[in-house]
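Colleague:
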Amino acid sequence: MTVTAAAELSDLRSFLHGLPGVDKVGVEARAAALATRSIKTSSKAKAIDLAIRMVDLTTLEGADTPGKVRALCAKARRPDPADPTCPPAAAICVYPAMVKVAAAALAGSGVHLASVATAFPSGQAPLEVKLADTREAVADGADEIDMVISRGAFLAGEYTRVFDEIAAVKEACGGAHLKVILETGELGTYDNIRRASWLAMLAGADFIKTSTGKVTVNATLPITLVMLEAVRDFRARHGRIIGVKPAGGIKTTKDAIKYLVLINETVGDDWLSPDRFRFGASSLLNDLLMQRTKLTTGRYAGPDYFTLD
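In terms of this note's numbering, the sequence shown opens at residue 757 and continues consecutively.
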């Protein structure tokens, strides 16, 4: 931890509430303006391949089976079995109980294995349970952990408790990367989203993530813009690059390209990489594959041409 970070943490509440307020009208207007940008066909092909490489394919249902997880892993490795030039997805994300199955299916592929932990999606569990959940997932083969913050504690102003939980989970991750889910749809304001972003980064997050995908409001362009501005400012202050992952509600290639434009215009090329930006949007992948096929062959593949997740 830098001297500056240590000073900030000496009065966490004052620091978080001292952050500049978010101009709601300005953020929404800028996000809307950037969403109108278009890109040329040659750039679109590159954008589609980049977006495919940024997708975290996810299955987080009570009815998940080993067979479903293996099928999803196969899709992550070869999203389009008919086209070997199609790049793999970034990662598979599963519950801890399925990590061993996914680890065996992904062995040697280079596709990352993420696991939600810490009482996903509610975060309502004792810290000891959250840490045990994390350690077991890592021991079974996860190299990324997606944790949820205690939104109730954050909204009650218990910032030190939230900070300590994130820091403890980060330590339990060992060498695995930590994505911290803010559940932005439950935070109420853009100011809270900015504060939660900074809190997570100061506590050791490698990525900050919008949502679990289990609430009504998930990723939006304005929310992601606020988070991108936070990681940009954090890098300027502390010299560390933090990734961003919007999750939930991103379904089309047009949606994905809007996010890539947002990245380019807000934080620049350093974040145009699967190591720095991810899409938590499994349904997005099929649309990307259909658009990719259209650019390659001149024909649209039907929606049933690719496996449904």
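Positions of the beta carbon are idealized from the N, C-alpha and C atoms, including for glycine. The structure displayed is predicted, hence computed values, not measured ones.
Where does I964 sit, in a helix, a strand or coil, going by DSSP?
Modeller: Here I964 sits in strand by DSSP.
Colleague: Since K970 contacts P877 with CB under 8 Å, what's their CB separation in whole angstroms?
Modeller: About 4 Å separates the two Cβ atoms, so the contact holds.
Colleague: Spatial neighbours of C829 within its chain, please: C-beta separation below 6 Å, excluding the five flanking residues on both sides.
Modeller: I848, A858, A861 and L862.
Colleague: In the DSSP assignment, what residue or residues form a beta bridge with I848?
Modeller: Answer is L813 and L869, bridged to I848.
Colleague: Using the three-state DSSP reduction, which class does I949 fall into: helix, strand or coil?
Modeller: Helix, per DSSP.
Colleague: Let's see if you can read the secondary structure: which residues bound the alpha helix (DSSP H) around G782?
Modeller: Segment K780 to L790, the alpha helix (DSSP H) holding G782.
Colleague: Excluding the 5 residues flanking P1002 on each side, which residues of the same chain have their C-beta closer than 6 Å to its C-beta?
Modeller: The answer, listed in chain order, is T966, A975 and T980.
Colleague: Apply the 10 Å Cβ neighbour rule to L1051 and answer buried if 16 or more other Cβ atoms are within range, or exposed otherwise.
Modeller: Under this definition L1051 is an exposed residue.
Colleague: Just mark V759 as buried or exposed, buried being the case when its beta carbon has 16 or more other beta carbons within 10 Å.
Modeller: Any reading at V759 must be qualified, since the residue scores a pLDDT of 44, below 50, and its modelled position is unreliable; the value itself is stated next. When all chains shown are included, V759 counts as exposed.
Colleague: How is D805 classed by DSSP in three states: helix, strand or coil?
Modeller: Here D805 sits in helix by DSSP.
Colleague: Nearest-angstrom Cα distance between N948 and A888?
Modeller: C-alpha separation (whole angstroms): 29 Å.
Colleague: Please check the pair L938 and M903, which I expect to be a contact at CB under 8 Å, by giving their CB distance rounded to whole angstroms.
Modeller: About 11 Å separates the two Cβ atoms, so there is no contact after all.
Colleague: Return the chain-ordered list of same chain residues with a C-beta closer than 8 Å to the C-beta of P840, the five sequence neighbours on each side being excluded.
Modeller: The answer, listed in chain order, is R834.
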